[in-house]
Structure formats: C-alpha cells, structure tokens
Amino acid sequence: MDFDLSDDQRALKDGIATLLDGVLPLEATRSAEHRADVVDPTAWAALAEAGVFSLLVPESDGGVGFGLAEGTVVFEELGRVLAPGPLVATTALAPVLPAAAEGIAHAVIDAPGRSAAPPLLEHPATCAAVVVLPRIEQVAEEAVLVPVGDLSATPVERSLDPLTPLASLATPLPVGTPLEGIDTAALRQRIMVLAAATQVGIAGEVVAIATEYAKGREQFGRPIGGFQAIKHLLADALARTELARAAVQSAAVILDDPLVAEREADTLSLSTVQLRWRAVAGAKLLADDAAITNARTAIQVHGGMGFTWEVPVHLYLKRSRVLASSFGTRSELADLLAALA
Amino acid sequence: MDLRYTDAEESFRSDLRAWLAEVLPTLPAKPAATDWPGRRAYDQGWQAQLFAAGYAGVDWPVEGGGRGASPIEQLIFKEECERAGAPYVGTGFVGLLHAGPTIIAEGTLAQRERFLPPILNGDEVWCQGFSEPGSGSDLASLRTRAVRDGDHYVVSGSKIWTSHAEVADHCELLVRTGPEDSRHKGISWLIMPMDLPGIEIRPLTTIAGSTEFAELFLDEVRIPVENRVGEENDGWRVTMVTLSFERGTGFVGELLESMRLLRSLTGLAQRTGAWGDAAVRKRIGALTASFDGLWALTKRNVSEAARNGIPGVGGTVFKLAYSEQGQQLTELAMDLLDRAGLAASGLDGADGQGELPNEELVDAWIKSISLTIAAGTSQVQRNIVGERILGLPKEKS
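Line by line, the protein sequences are chains Z and C. Counting from 1, position 94 in the first sequence corresponds to residue 93 in numbering that gives the first Met the number 0; the numbering is continuous, with no gaps. Counting from 1, position 43 in the second sequence corresponds to residue 42 in numbering that gives the first Met the number 0; the numbering is continuous, with no gaps.
Written out as structure tokens, the structure reads:
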C-alpha cells in the first residue's frame, strides 16, 4: 500500500500543471467572462493534444490508458486554474463515445428530477451533443445522446459563474439515441469522481490564495494571518481539503482496482456494488462541501476585497456551485449514503 | 496511489483473525468500569495472551522486544482487533504507547532490560505525570521541581490528568531541573516508582462520572538518579522523540469504533421510526461520508509513515477532523434517544422493544466532549496546522 502519487503520477501532475499555466492562465480565462464562447479553441485543442479527453480510453483504442486515479490528478489541476468547458463530461464519456475521445466537446445533464428548474445546459455554444444521464435513483435506465441542434435551447442571459455560459432546455427533452450496451452506473461514477477531483482542486487553490493574502495583508501593525481568528479559519479549510482529497483518491482507486474494492467491502460489510456507490457519493459530498466552504472562507479572509469582482476567489465559489449542483447534489448524495450506511 | 495489501500483509491479517476468533471467547467477564484493580488484572491478562502469541508490542521495534510490524501491519492489527471486539489496551496505555517507546529510544541498556519486558508481558502498569494544574497546552511551563541530592532527585510539585495512577507501578515524570524560567531547556524525564514515600494520589472525577484520572501531589519524593532517561535538562527532546513514534495509527481503534456506532445508530433510527425524518437520514449520510473519508485519510497517513517515518500533514488534520465528527456522531445519538437520553442507566424501550442502548450512548456522548480537548485541544491543533503547515506567522513571536 502506498497512497502517495507514484513517480509517474507525480510527473503527470507536474506536466499538466505546466501545460495549464501556459495555455490556460486564469487572467486569460477571465478575459472571456460572460461570453458564450468562453472555451478558447486553441486551449481546448492543447488539452486534447495532451490526452486530457482520451485519458481513460484504453491504449488499444488509441487512448492514454490511464485509470481514474490519474484522472483525479489531472482534474485537480484543471480545477486549480478554473479551466472552462465541459471537461468532466467529455473525459468521462470518452471510453464509451469515440467522438468525445477525439476532443469533440460533450455535455452531460442529469435527467429532469425533483428540482423546479428547467434543465440547464453548460457551454451550449461549445458542445456538439449532450448525454442525458438517468438520476442516481434510476441508474438502471439508459443514458441517451442528443445532438445539441435537436434541443430547444434558450441562452441564459447571465450565468452565476461568468465562465460557465448556460442555456435552458425546453422539456420534454428529445428522445435521443440510447447509448446501448454501456455501463451507466460506471459512467456516472466516473463523472462523479472527476467532478469531485475538480472540487478538490478548487478547495486547495482558494486556501493557497487566501493564505498568501493573510501573510501579506497587514492590519493593526501585523500580518492578519498571525491572528488566530484568521489562522483557524484557514486550518479548518486545509483539513477539509485533505479529507476530501483522501476520499476522492480512495474512491478512484476503488473504481480502478477490483481487489481494493473487495478488501474495502469486507471492512465495511457491504457488497462491492454498494461499496463503489458509497465511495463515490461520500467523495463527492466531501469535495463539494470543501470547495464551497473553503471558497467562502477565502472570501472572508480577504475581507472587503473578497467582495470585489477583481479578486478571483468569487469565481471559485461560483464554479464550486456549478459542480455541486451537477451529477448528484449534496442532498441526493446524503440520501444515497444513508441508504448505504 | 496503490491501496492493495501484499500477500504477506493479507496472511498477517488472516492469522490474526483466526487467533482472535479462537482466544476471545475464552476471556473472563469484563470488570465493572469503577473496579480499577479488576480492570488492571483484566488488561494484564489480555496483554499476557498477546505476549504469548507474539502480538505484544506489535508497533515496537524488534530490538525493544516488540514485533517490529510495519505501519501497514499495525493498521491491520488495529482493524482486526476492533472488528473482532478485542479488549482495548486499557491500563496498559501509557506503558505500551508512551513510556516503553521512550525507553527503547533513549533508555540505557540497564533501563531497557529492567523496564521493557514487564510492559510487554503485562506485569507492570505505567501512568503519566506530564500535565500540571498550571501547565496544560503550554507544557513547557511545568514547575514540578527536582533538586539533586547525591544519588537522588528530591521532587516536589503536583501533576494532573494522570491516568490509572491508583493501579500503576511506575510513572513517567517530567520535572524541572533547570532554572525556573528555562522552559524547554530545563526539563528532565524520570521514572518514578509509585510506591515511594511522599506520593499522594487524589482521584479526579470527570463529567462522565468516571475516575480514570488523578492528581498527584509530590512532597520531597526521592527518585534515584539512575531512573533518569536521557541527560539532565534534555527531557523535552526525549518526550518529542516519543511523539515521533506515531505512525498514523493513533486513532484507528477510535475511528473504527465510531464507524460501528454509526451503523448501530442507523439501526436504532430504523427501529424507532426516526428514519422517516429526512433530516436524520441526511445527518447519517453526511457522517458516513466523513468517517469513510477519515478512514481513507488514515490509510494515506499510514502509508506516508511507512515511507517517510512520519504521517505528515494528514496526521494533524486527522485529529482535528476526527474530533469534530466524533462529537457530531454522539449529538446524533442523543437526538435519536430523545428523552431516553436523560437516563444515564439502562431503560426499557417503549412497546416492550427491549432495553434501549441509552447507557452506552449517553456515556459515549459525554466522553466525546473530551475529543476536542485531550491530546492537544483543537485550538492548539489549528495553530499547529496554521503555523507549521500553512506557514502563517505565530501569534506572539
């Protein structure tokens, strides 16, 4: 057992971080705030070229052949720089949808459920097609593929996250083409783990930003980070990140490695099917909590400056909301976990 | 990110599981919680069984007489013991987890030969004399005074939070041998036999009504100089060396016990109808996520310890997160008990549903209040995380 990143995983992390600092610096991403075409085709092509979308596709099918463990490494970095676009969906679909593996952007939306809101499609101008995924409680049903052109989509004038443009979709949604023969549960679990890893990236980055600020900002003649009131907020935020990261990485390995799933199922007296759901649901719940709470904390540490548009922490808070409301809300996840407790 | 156990680790697990299944049914009945001589005898009996089977001091190095198990085997050991319901270390706690490892690392050959074997085989019990009424979180301010008189130190002062003092044979004692204001630089680490004249033990009663702790009043107690571990005035370093024995497995038993409690609360909620309350289900769901996350974090800390010798960042945040979740768990227990939680002893359930677990749950609730205090208050833990991990400036420099 060695929970730490392997040498290859560390190299992957460094490699993707370097790539992102080059092609997706936050200042450049921010220049497209509130635009429909926030996804820069050059940057997207660079991600495709680097294998971000074919990451989970077996080498025999022309992919990179990595597992979700490596997926969490990559998506944590994507979260760290707030990379825009339907990244989670495209990468998670790639093993079952060759077009996604080639880097053609795809979205995933949850089938309409208990929310009062109409279905909202992210990045409507960027996506070629959308996969409508059965909700967690109906996971035995089929996922369907709908070309974006077949949807009746009305752009939302102003999105909460200025880097995630939205369109509202008229219901009922078109019937679409069933994705036959795919493991819908496994697809949803991949999506949940990658979304959770993105949230861990957000949770960690906002702590880093706020910590730097707390070291430099002086009030009452000393750096505010020396005050326990500030220090303790950040210590709790770090604890949330570390807990979520361990849960997300553990869930990824449980999905990747049947032997690990069997051992864990034995420890918790669950079936391996139950164990997989419990691991991904718990991971996403902790990661959603960590991202949202840490982003709020980071704004608080910045004081009045944190409430300005200029300081980027609000963008992390808004993106964490986008991810927390997708692919299993905190309420749904808590219900699922209780059923598996 | 490899979470597999090796074949050797799996066979360590299956051998242990088989041994526990064989030996646990033969144990005597547990003594009453307040019967300290009975508890000492019970814990010594269990330790003797572990010793005979080669499981005593699983985490001790071989040169100290232990099994020298890897951190991952230590994790398996704790997991299997908790799973099987094996006795906890109990009154053996200080000797096995603290004094013993200190003597292994810093003791002389004579000290190792005299004191280590009786800890491992259960013959002798230790207590700890570190904290003082005036020195809690700020341990380095301790004032119990030791004055050299020939071959002896003459020790006077008082200690608090000494667990199992009434039934202990020895006390690991921190004393001031340097000037009054010498802080970390003037402390020595002594072995104090508990039968020396001048030691008065006054039991403390906790808010749970339990009596495992005591205050010690020391009045010119004469401790032989040969009982000093490490150099004079080097006791702070000696104490810190022991802390470095922590391999990320410190709270594994408690964590797994909490996970078991959560399962039993789920059962209780289903039996009592509280399960119909969505808020209760959400709390159970959230706690499930947190404890699973802590279990994952434990494995990360243990594998980091296996690689680097220390559990790293995760060790400090684990304590912080576990204490808070443990308290939320017992709050849920009390909410589920409703007014039955006002009875701290056994109570029959409504509709003749048998006895409610209120005695156990009320006790767990009160004891959980100490989670954010014992072994470093959460406030001090947050300072450590903020200063040593995040690199924030100290409050006072």
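Don't be surprised by glycine CBs; every beta carbon is placed ideally from N, CA and C. These figures come from a predicted structure and were not determined experimentally.
Interface flag for P222/Z against chain C is set, since a Cβ pair is found closer than 7 Å. At a C-beta separation below 7 Å, M304/Z has no neighbours in chain C, since its nearest C-beta there lies roughly 18 Å away.
Runs of the alpha helix (DSSP H) lying entirely within the region 254–296 of chain Z and spanning at least 4 residues, in chain order: 257–267.
For the set V95/Z, G303/Z and G78/Z, the Cα lying nearest the Cα of E204/Z is the one of G78/Z. Interface criterion met: the Cβ of A320/C is under 7 Å from a Cβ in chain Z. With respect to L195/C, S155/C sits apart: the two C-beta atoms are not nearer than 7 Å.
Looking from the CA of V361/C, the closest CA among A373/C, S344/C and T376/C belongs to S344/C. With a threshold of 16 other beta carbon atoms within 10 Å, V61/C falls short and is exposed. Around R262/Z, the beta-carbon contacts reaching into chain C at under 9 Å are L2, R3, Y4 and E9.
Listed along chain C, no residue sits closer than 7 Å to A16/Z by beta-carbon distance, the nearest being about 17 Å off. At a cut-off of 7 Å between beta-carbon atoms, A285/C makes contact with chain Z. The contact set of S249/Z on chain C, defined by CB atoms closer than 9 Å, consists of M0, L2, D291, G292, W294, A295, L296, K298 and R299 in chain order. Among the CB atoms of chain Z, none fall inside 7 Å of the CB of S369/C.
Under the DSSP definition of a beta bridge, E81/C lacks any partner. About 15 Å separates the beta carbon of K283/Z from that of A338/Z, a gap too long to meet the 8 Å contact definition.
In the same chain as P154/Z, and ignoring 5 residues on each side of it, the C-beta atoms closer than 6 Å to its own belong to A166, in chain order. Identification of chain Z residues near T265/C by a Cβ-Cβ cut-off of 8 Å yields A337 and A340, ordered along the chain. Relative to E214/C, the option among L260/C, E230/C, D168/C and H163/C whose CA is nearest is H163/C.
C-alpha of E217/Z to C-alpha of A290/Z: approximately 26 Å in a straight line. If you look at T90/Z, you'll find it in the alpha helix (DSSP H) that goes L86 to L92. Proximity to L86/Z across L119/Z, P146/Z and A47/Z peaks at A47/Z, based on C-alpha coordinates. Rounded to the nearest whole angstrom, the CA to CA distance from L335/Z to Q188/Z is 13 Å. Look at K12/Z: its C-beta is not under 7 Å from any C-beta on chain C. DSSP places S155/C in the strand class (E or B) of the three-state scheme. Spanning the alpha carbons of E219/C and G99/C requires a straight line of approximately 26 Å.
In this structure, L254/Z is the residue among L285/Z, L322/Z, R329/Z and L254/Z with its C-alpha nearest to the C-alpha of G66/Z.
Chain C has no Cβ within less than 7 Å of the Cβ of Q198/Z.
Closer than 7 Å to the CB of P70/C there is not a single CB belonging to chain Z. In the pairwise beta carbon analysis, the region 364–381 of chain C is classified as not touching the region 267–282 of chain C: fewer than three pairs are separated by under 8 Å.
Around the beta carbon of M304/Z, fewer than 16 other beta carbons sit within 10 angstroms, so the residue counts as exposed. Comparing alpha-carbon positions, the option among D34/C, R306/C and G91/C lying closest to S69/C turns out to be R306/C.
For N382/C, the chain Z residues whose C-beta falls within less than 9 Å of its own C-beta are Q227, K230, H231 and A234, listed in chain order. Residues of chain Z whose Cβ lies closer than 9 Å to the Cβ of E394/C are, in chain order, G225, F226, Q227 and K230. With respect to the C-alpha of F317/C, the residue from G292/C, L336/C and T329/C having the closest C-alpha is G292/C.
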